[in-house]
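These notes are about the structure you will find just below.
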Amino acid sequence: MSVIDEMVGQTRNWVVGHRLHDLPTPKLTPMLAAKWLVDEWALQIETTNSRLRAPSIDFRRRLRNELGDGVEMFNDRGWVDDPMSYHVDPPELSRVTLTPRSASGLDYHHLIADSEYEPHDGEPGRERWLEYEPNRTAHAWVLRHEGPPRPWLICINGYRTGTPRIDFAAFNAKRLHHKLGLNLAFPVSPLHGPRAVGASGDRVLFGGAMNTVHTAAQAIWDIRRLKQWLIDTQDAPAVGASGISLGGYFTSLLACFESDLAIAIAGVPEADLVRGLRRNVEALLPPFYEQWGLSWRSLERVNRAVSPLAMQPVIPHEARFIYGGIVDRWVRPGNVHALWEHWEQPEICWYEGSHLSFPLESKVTDFVTDALAARLGTPIGQERLLRSA
C-alpha cells in the first residue's frame, strides 16, 4: 500500500467516524467530503449558539430539581420499566378549522385545533409546559386530492423546522402529492413553527430534561389524533408515516402505538436522544457540570418513557423502513443502526451522504418510492417495482 493510499484510508476512517462492522464503507470522494463538511459546519453553528446561552443559577436549580423529582416519580409510577404505561390514549380531534393557503407552488389547508395535551398531574415541569401558550394549539399542513379516497402519508419533519416551505422542500411534497398521487399531512411538532416559544425548536433539547420528554409525548399525542382524524373524516383507506431526523424519532415512536399504520419510514432517525445529545454537547460543557444537576444516567431513565428503543413496534415487520447517511454528523450511523437492530433488521438504505444531503440523494428517493409502492400502492412506485422484477 502506498503512502497516498494509506492517507486516503485514514482520512476516510476519520470522516466516517464509526467502526460498526456491518455498515458499508464509503469511497472517499470530494463530493462525500463536501457533504460531511456542510453537516459539520451546520452542527457547529447549532452547538455554538447553544453554548453561548449561559445557563442562569435559576435554570441550573430547576434542571437539578426537575430531573431528580422526575426520576423518582417515573420510577415510582413504573414508567421506567413500562414506558407504554406513561402514555394515555388521546381523544378524537375536534373543533378543527381548515384554512386554504398556498406555498412553494402547492395548495394546502392549514389545520388548526386544540392540542388538549397535558403532562400528568404532579409531573415535574407540568406548569411551565402549560404556560407555553402557542404550543397548546396543534397545527398541520394538509394536501388533499379531489375525487375518490386516496392513501395518506403523515410527513413529520425534524428539529428547527415547522413552516410550509421548509417542510414541503424536505419531503419533496410536489413529487409525493402530484407524481405519486398521495394525500399528505404535515403535523407541526411541539415548540416548532407557529407553536414555538422563541425560535423554532428552542426549549426542546436545551430547556431541561422534562421539556424533551414532554415534546415527544405531545408529538405522539398530536400525531395519533391526526391519524385517526384522517381515517374518520377524510375516508383514508390507509395511513402511513414518514419522518426525518427528530421526525424519524417520532415516527419510530408512532410505530409502537398504531398497529394499523400501513408504513413507517424512519429517515436519518435520532433513535437515542440522550446518546445523541451527550455526544454533541458533553465536550462543550464546563467542568463540574454534574453540580448543575445534569446526570446522564438520570436523563436516560426519564427518557425511557418516550424512547422507541424502550418499546416494541406493533406494526408488521414488512411495514418498517429506515434510511441513514454513512457520514451523518447530526445523527451518527450508530444510532440509526441501533433502531435497525431493535426493529429486527427491516429494509434499510445506507446512502453515501450526510444528514443534510438526503433530499438530494437519488438512492433515498428510489428507496422511499419503492417502500410507498409496496405499502400504499403508489402508481409510479409500482411501475418501478415491475421494471425491477
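Straight run, no breaks: the sequence shown in this note's numbering ends on number 692. Glycine included, C-beta positions come from ideal geometry on N, C-alpha and C.
(Q) I need the DSSP call for F624, collapsed to helix, strand or coil. (A) strand
(Q) I need the DSSP call for T668, collapsed to helix, strand or coil. (A) helix
Q.
Please return the same chain residues whose Cβ sits closer than 6 Å to the Cβ of A677, not counting the five positions on each side in sequence.
A. none
Q. Of all the options A512, L494, A622, V667, which has the alpha carbon lying nearest to the alpha carbon of T554?
A. A622
Q) Nearest chain C C-beta to V391 closer than 8 Å, yes or no? A) Reference to chain C is not applicable here, since this structure consists of a single protein chain.
Q. For A677, which of helix, strand or coil comes out of DSSP?
A. helix
Q. Using 8 Å as the threshold, is the region 407 to 415 in touch with the region 432 to 449, meaning 3 or more CB pairs across them?
A. yes
Q) In chain order, which beta strand (DSSP E) runs of at least 3 residues are fully inside the region 402 to 489? A) 409 to 417, 440 to 446, 455 to 459
Q: Provide the residue(s) that pair with V542 in DSSP beta bridges, ordered along the chain.
A: W455
Q.
Which of the three DSSP states is assigned to A337 in this structure?
A. helix
Q. What does DSSP give as the partner residues of T400 in its beta bridges?
A. I415
Q.
Checking 8 Å against the spacing of the C-beta atoms, do V667 and W339 come in under that value?
A. no
Q) Which two residues bound the contiguous beta strand (DSSP E) that contains I568? A) 567 to 570
**Q.** L355 versus M513: straight-line alpha-carbon distance, rounded
**A.** Confidence in L355 is poor, its pLDDT being 49 and thus under 50, which makes the residue's placement unreliable; the coordinate value appears in the next sentence. Rounded to the nearest angstrom, the two C-alpha atoms are 22 Å apart.
**Q.** CA-to-CA distance, G450 to N486, given in whole angstroms
**A.** 11 Å
Q: Indicate whether I534 and I457 have their beta-carbon atoms separated by less than 8 Å.
A: no
Q: Would you list the one or two residues that DSSP bridges to I547?
A: G570
(Q) Is the beta carbon of W653 closer than 8 Å to that of G627? (A) yes
Q. Based on the DSSP output, what are the partners of C652 in its beta bridges?
A. Y626
**Q.** Three-state class that DSSP yields for H517 in the structure shown
**A.** helix
Q: Verify whether the separation of the beta carbon atoms of P386 and R581 is less than 8 Å.
A: no
(Q) Contact defined as beta carbons within less than 8 Å: I believe R498 pairs with P437. What is the distance between those atoms, to the nearest angstrom? (A) 5 Å
Q: Would you mind working out which of D575, I618, E395 sits nearest V634, comparing C-alpha positions?
A: D575
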